[in-house]
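Just add 659 to the spot in the sequence shown (first one is 1) and you have the working numbering.
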Amino acid sequence: MDKRSLLQLVRPYVQVFDGPLFLIVCLILLVGSITLYSAGIDFPGRFEDHMRNIMISLFIMWLAALVPPQTMMRFAVPLYTLGVALLIGVAMFGLIRNGARRWIDLGVIIQPSEIMKIAMPMMLAWFFQKREGITRWSEFLVAGVLLVIPIGLIMRQPDLGTSLLVLAAGFYVIFFAGLSWKVLAAGVVAALASLPVAWSMLHDYQRERVMTLIDPTTDPLGKGFHIIQSTIAIGSGGIAGKGWLHGTQAHLEFIPERTTDFIFAVFSEEFGLIGNGILLLLYLLLIGRGMIIAANAPTLFTRLMAGAITMIFFTYAFVNMGMVSGILPVVGVPLPFVSYGGTAFVTLGLGVGILMSIQRHRKLMQS
660 MDKRSLLQLV
670 RPYVQVFDGP
680 LFLIVCLILL
690 VGSITLYSAG
700 IDFPGRFEDH
710 MRNIMISLFI
720 MWLAALVPPQ
730 TMMRFAVPLY
740 TLGVALLIGV
750 AMFGLIRNGA
760 RRWIDLGVII
770 QPSEIMKIAM
780 PMMLAWFFQK
790 REGITRWSEF
800 LVAGVLLVIP
810 IGLIMRQPDL
820 GTSLLVLAAG
830 FYVIFFAGLS
840 WKVLAAGVVA
850 ALASLPVAWS
860 MLHDYQRERV
870 MTLIDPTTDP
880 LGKGFHIIQS
890 TIAIGSGGIA
900 GKGWLHGTQA
910 HLEFIPERTT
920 DFIFAVFSEE
930 FGLIGNGILL
940 LLYLLLIGRG
950 MIIAANAPTL
960 FTRLMAGAIT
970 MIFFTYAFVN
980 MGMVSGILPV
990 VGVPLPFVSY
1000 GGTAFVTLGL
1010 GVGILMSIQR
1020 HRKLMQS
């Protein structure tokens, strides 16, 4: 008969969590839940759904933390291949909603582009691991092709926000693998030179977003409404904010999508500059802890994965805060662990779980 206490029985399953990382994530979730309650008070059931999404995210995080990095490597190629195949399926017979073809019905409706947020860095990390850190230009060329294929399929849907996140995830792996600064500078110059061509390839609504960013007052009741109202909310928060549940821009329904993409405007109005500083500090701690895990990771695959996932969190936060503040175009990127949304929570929870797995198995290898 097993005479171990309940704590002794549960401890091995709880110890999969990295303490500092889990604490930081929980603090951001707490901030997000408080803000979501206020932002979604006029949406019955929204807060309850948010709590459910958090529980699902934590469960996914726990499962991912249990999986050894060596097992993740074995799934890199199949997951990437499945993701690309599903994206091709979306292009051929995907479901169209609001003018975009982003979903596919396989008995359940899924959005394959979400798979690539994790599959893309995993595939490229596997690729460089198999080449044992060789950084010849040919390896970077192949990696670039592996990155461009899903990006092209996602942009075709069109989905600029997701394509940006997948592009960033893949680029971070290539950069951390040893991409030369000279090559990077040449790429930036080439990208700037190709802007006229890229502009001509954008959809009309994407061009309108860029023009609205430059001067939202040209269409204050239409395309510029989001940016104008969100910047008013941020500015009206002042130093200490108007107080929880007292944001007028949010509760008088001037802020659109206030529980999802523009929740940062609600937070800024109610908690002000002080609240923003605390939230930024939490994100910096999250990124810092992720980078420490990446730096201490035992293999090239785990270092690249940890570094890329950490920088994905940075990209989520930077792009969301930038678009809500009016310094970046509106591209539909949620604020990590704050914005309402089930799919984003699953992706973010999986990413944190992978970081925890890398840290946990490094300790097991050392013990």
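Built from N, CA and C at the ideal position, the CB exists for glycine as well.
Between Ala850 and Val690, the alpha-carbon positions lie close to 38 Å from each other.
The region 702 to 711 makes no contact with the region 729 to 741: fewer than 3 CB pairs, one atom from each, lie closer than 8 Å.
Sequence-distant Cβ neighbours of Asn955 in its own chain, meaning closer than 7 Å and more than five residues away, are Arg1021. Secondary structure at Asp818: coil, using DSSP grouped into helix, strand and coil. No Cβ-Cβ contact shorter than 8 Å links Phe930 with Gly897. Nearest in C-alpha terms to Glu867, of all of Gly1010, Val990, Ser697, is Val990. If you draw a straight line from the Cα of Cys685 to the Cα of Gly1008, it is about 11 Å long. Pairwise C-beta distances place the region 965 to 972 out of contact with the region 911 to 918, as fewer than three of them are shorter than 8 Å. Bounds of the beta strand (DSSP E) holding Arg756 are 754 to 756. When C-alpha distances from Lys789 are compared across Ile763, Ala836, Gly758, the shortest belongs to Ala836. Around the beta carbon of Gly1001, a 10 Å sphere encloses fewer than 16 other beta carbons of the protein chains shown; the residue is thus reported as exposed. In this structure the region 814 to 825 touches the region 769 to 776; the number of beta carbon pairs closer than 8 Å is three or more. For Ile763, the enclosing beta strand (DSSP E) has its first and last residue at 759 to 764. A distance below 6 Å between beta-carbons, with the five flanking residues on each side excluded, links Ile971 to the following residues of its chain, in chain order: Ala828. Secondary structure note for His910: its alpha helix (DSSP H) is the uninterrupted segment 907 to 910.
Judged by DSSP in its simplified three-state form, Ile769 adopts strand. For Pro679, the enclosing alpha helix (DSSP H) begins and ends at 678 to 698.
When only Cα atoms are considered, Met1015 and Ile810 end up about 28 Å apart. Contact annotation, Asn979 with Phe926: C-beta distance approximately 11 Å; criterion of less than 8 Å not satisfied. Setting aside the 5 residues that flank it on each side, Leu680 is surrounded in the same chain by Arg948, Val1011, Leu1014, Met1015, each with a C-beta closer than 7 Å to its C-beta; the list follows chain order.
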